[in-house]
Amino acid sequence: MIQLAKVFKFYKTERHTKIILDHVDMVFDSSYSYGLLGVNGAGKSTTLRVIAGTELPNSGKVRRSARVSWPLGFAGGFHPQMTGRENVHFVSRIYGADVRKTEAFVEDFAEIGEYLDAPVKTYSSGMMSRLAFGMSMAIEFDVYLIDEITAVGDVRFQERCREAFDARRKNSSLIMVSHSMQTIMDYCDRAGVLVEGRLLMFDTVTKAAETYNRLNR
């Protein structure tokens, strides 16, 4: 279970305050998969990062009683001065995973060859995405956080990503952000609509889609 308790999240500029979550109370039951809908700029990705813990709320609490991933493919936690292999070891230890098993999985999956032993700051965006996706799939979580399923690499590699992702879904649930309504319908049991700092949750994706479409006519 993931619980948002009076979570308040905003960004402030010189002339404007953008409220993302306005003292939101919400429970995500980890036996279901959820989609997050909202217009561009509504704060869907920020909400996902708050749930992950990669960003903190301005006030309120996020409680997690399930093992929750970072956003899938997120590379912001990699240290640029460390090699890919060193980053894999570091993240493995943080999550209590078997270092050698995780290293072997990522090395085979990412397919970046000798660059695994080069500093991450030397990576192209494609190589970074391969390493990040491989790392995301190497460690098992109860709930995976997905901020768009992006195409990484060539067609063959994209198919490997899809197979790995589908294998994880058999024993885990998702909280997913996507601009594709069909993707949300394919992967999620329930969905919420983020609008003006409120998170409106529905027990079916269809009901959430109807509300989203009505609000954005």
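Per the numbering used here, the very first residue in the sequence shown carries number 42; after that it's consecutive.
The beta carbon of each residue, even a glycine, is placed where N, CA and C say it ideally should be.
Residue 89: member of the alpha helix (DSSP H) spanning 85-93, first to last residue. Classified as buried, residue 85 has 16 or more neighbouring CB atoms from the shown chains inside 10 Å of its CB. Separation of the CB atoms of residue 140 and residue 176 is rounded to 12 Å, and the pair is thereby denied contact status at 8 Å.
Residue 133 is a Cβ neighbour of residue 143, given a cutoff of 7 Å.
Leaving aside the five residues that flank residue 110 on each side, the residues in its chain whose CB is nearer than 6 Å to its CB run, in chain order, 182, 185, 186. Note on geometry: alpha-carbon atoms of residue 69 and residue 43 lie some 5 Å from one another.
Of the candidates 256, 235, 149, the residue whose Cα lies closest to the Cα of residue 76 is 235. For residue 130, there is no enclosing beta strand (DSSP E); the residue is part of the alpha helix (DSSP H) that begins and ends at 125-135.
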